[in-house]
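Numbering (the UniProt record's numbering), first residue to last: 1 to 76.
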């Protein structure tokens, strides 16, 4: 049985919005990683949360990322 469509709109509850952001962010990073592996593609992803925190993904972690100066993460 297929799921019904949901209306896309801002989540009013701040806590629920943050939980949804975290879950969807992880899913988006997973999809980016899969795309890089399956298609042998260079993938870069930058996400800013509603409070301004930066999250990034790059298929080649040590390659310089255009927005690297905004990040406090280290190359692993």
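Quick reminder that beta carbons are idealized off the backbone N, C-alpha and C, glycines included. A quick note: this is a predicted structure, and the numbers were derived from the prediction, not measured.
In the DSSP assignment, the residues bridged to residue 58 are 44.
Counting along the chain, residue 52 sits inside no alpha helix (DSSP H), nor does DSSP assign it H or E at all. DSSP places residue 17 inside the alpha helix (DSSP H), whose first and last residues are 14 to 39.
Excluding sequence positions up to five before and after residue 21, its CB lies within less than 8 Å of the CB of 49 and 50, all in the same chain and listed in chain order. The residue from 25, 3, 16 and 7 with its alpha-carbon nearest to that of residue 53 is 25. Straight-line spacing of the CA atoms in residue 57 and residue 37 works out to 13 Å. Looking at the backbone, the Cα of residue 3 and that of residue 9 are separated by about 18 Å. In this structure, the CA atom of residue 43 is about 8 Å from the CA atom of residue 60.
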